[in-house]
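Read through the structure below, which is laid out as structure tokens, and then see the notes.
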Amino acid sequence: MERDRAALKGLIEALLFVSGEPLKLASIAKSAGVEKTDAREILDELILDYSEKNGGFLLREIAGAYQFVTNESFAELLGHIFKEKRREQLSRSSLDTLAIIAYKQPITLPEIDEIRGVSSRAMVTSLISKKLIKPIGNKEVPGRPALYGTTKEFLIHFGLNKLSDLPAPVEVKELKFENLDDLLENE
């Protein structure tokens with residue numbers, strides 16, 4: 004990695020900038036012609052550089068890959084300026100179902116129904132169509148019901164690198180939900 008480090012850093016920055024999708028470390032390293040450890044060092048530097056700058060965008064590791072994202076502190080203003088088309092919002096029922104799946108996966112539809120106390124079939128179908136969950140196998144019980152889990156798109160949608168980045172259930176219980184409508188609108 005003795006070639007000009009600044010040029011290499013610029014190349015990796017440009018690769019990330021022009022990509023519409025998060026890029027995996029292996030892909031970045033291969034495209035830049037460097038070892039993964041060298042690419043990770045540069046990526047860590049870039050993450051820190053953009054974080055310290057506190058500018059309009061940040062570099063984040065999302066779903067095991069790297070991508071530039073808009074700095075959240077400018078989201079409201081940008082939304083007003085561009086009157087952005089918001090991502091399709093999830094209903095409270097869908098969010099409830101998605102949270103159950105995210106924290107209890109792998110989980111069957113009857114188990115989801117039991118936790119929610121109502122039929123969740125429509126919510127599960129909707130979440131599958133949005134590619135936030137998917138069937139990941141069958142439970143070894145009579146009838147072999149499908150088991151559901153979250154997808155890579157779930158991680159990307161919520162800006163998570165891995166499932167362990169979800170807040171602990173205790174932290175979720177401590178949240179105040181008086182402003183849930185505001186939270187859902189900003190999603």
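Take the sequence shown: its letters are residues 4 to 190, numbered as in the working numbering. Built from N, CA and C at the ideal position, the CB exists for glycine as well. Just so it is clear, the structure is predicted and the values come from calculations on it, not from any experiment.
| query | result |
| --- | --- |
| Contact check, Q108 vs L150, beta carbons under 9 Å | yes |
| Buried or exposed (CB count within 10 angstroms, at least 16 for buried), L183 | Residue placement at L183 cannot be trusted, given a pLDDT of 45 that sits under 50; what the coordinates show is reported in the next sentence. When all chains shown are included, L183 counts as exposed. |
| Short Cβ contact (9 Å threshold) for F71 with L80 | no |
| Collapsed DSSP secondary structure at V72 in the structure displayed | strand |
| Endpoints, alpha helix (DSSP H) assigned at L150 | Unbroken run through L150 is the beta strand (DSSP E), 149 to 153; no alpha helix (DSSP H). |
| Through-space distance from I45 to S167, alpha-carbon basis | 25 Å |
| Reference K142; option with closest CA among G152, L135, K133 | G152 |
| Range covered by the beta strand (DSSP E) that runs through F85 | Here F85 belongs to no beta strand (DSSP E); instead the alpha helix (DSSP H) covers 78 to 85. |
| Euclidean distance between Cα positions of I84 and A78 | 10 Å |
| Per-residue burial, P25 [other beta carbons within 10 Å of its own, 16 or more giving buried] | buried |
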